[in-house]
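A short write-up of the structure that comes next.
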Amino acid sequence: MGVLLPSLAPAALPIGQELPFFVGTDLTGTQRRSSELTRQPSVVIAATSRAASGEAHSWARALIERYGNNIPLVTLIAIDLPFFISDDLARGKAREKIPHEYWEQTWLGGEGDIQRALQLEPDSEVPYVFTLDSQGRISAAVHGPVGAPESSRIWQEIQAWRR
Numbered sequence: 488m489g490v491l492l493p494s495l496a497p498a499a500l501p502i503g504q505e506l507p508f509f510v511g512t513d514l515t516g517t518q519r520r521s522s523e524l525t526r527q528p529s530v531v532i533a534a535t536s537r538a539a540s541g542e543a544h545s546w547a548r549a550l551i552e553r554y555g556n557n558i559p560l561v562t563l564i565a566i567d568l569p570f571f572i573s574d575d576l577a578r579g580k581a582r583e584k585i586p587h588e589y590w591e592q593t594w595l596g597g598e599g600d601i602q603r604a605l606q607l608e609p610d611s612e613v614p615y616v617f618t619l620d621s622q623g624r625i626s627a628a629v630h631g632p633v634g635a636p637e638s639s640r641i642w643q644e645i646q647a648w649r650r
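Position 38 of the sequence shown, counted from 1, bears residue number 525 in my numbering, the numbering being contiguous throughout.
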């Protein structure tokens, strides 16, 4: 049995880079654009596999426990779906697991568009987490579980917003 270690490399996009353009669909079926995330500091969690979804949930839960709904948070389901699974089916499965109150904050990009735009490793077993400044630039990034030492970058950045 192997041990899952967080990536020690930085997350896909470099600090200071503007969030690339992508389009997703939230769990209500509304089309969403990455430009919606550039109006204020935000946190973005991206899972590129089902295996990463549990840890993505842990990140979201930890953020909500610490800050309530006082920080903009979006979770991206950035999985390149097989051709025989429609976006509607994937969205329906996600709705079964995600509370209704978070459907607008959970975006699906089923054809790998989000994954490619953000340069995310396909099928990663751990999520990517980014903080964005008010201009939509990446201000902190982690590719790993919420308990990893490098996750402190995310917490420090959020604390800096709140000062």
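Glycine residues also receive a C-beta, built at the ideal position from the N, C-alpha and C atoms.
Just so we're clear, the structure is a prediction, and the values are computed from it rather than from any experiment.
Following the DSSP letters along the chain, one finds residue 575 inside the alpha helix (DSSP H) bounded by residues 574-584.
For the pair residue 576 and residue 619, the Cα-to-Cα distance works out to about 30 Å. Beta-bridge partners of residue 615 (DSSP): 533 and 630.
Cβ neighbours of residue 545 within its own chain (closer than 6 Å, five residues either side excluded): 633.
Note that the C-beta distance between residue 581 and residue 593 is below 8 Å. Taking the Cα positions, residue 629 is about 32 Å away from residue 571. Residue 535 holds the alpha-carbon nearest to the alpha-carbon of residue 567 among 585, 611 and 535. Burial of residue 614 is indicated by the presence of at least 16 other C-beta atoms within 10 angstroms of its C-beta. Taking a contact as a CB-CB distance under 8 Å, the pair residue 521 and residue 501 does not count as one, their CB atoms being some 17 Å apart. Across the structure, residue 511 and residue 601 are spaced so that their CA atoms are roughly 7 Å apart. Listed in chain order, the non-local C-beta contacts of residue 550 below 7 Å within the same chain comprise 530, 558 and 560, local neighbours out to five positions each way being set aside.
The beta-carbon distance between residue 626 and residue 644, rounded to whole angstroms, is 5 Å. This is short enough to meet the 8 Å contact definition.
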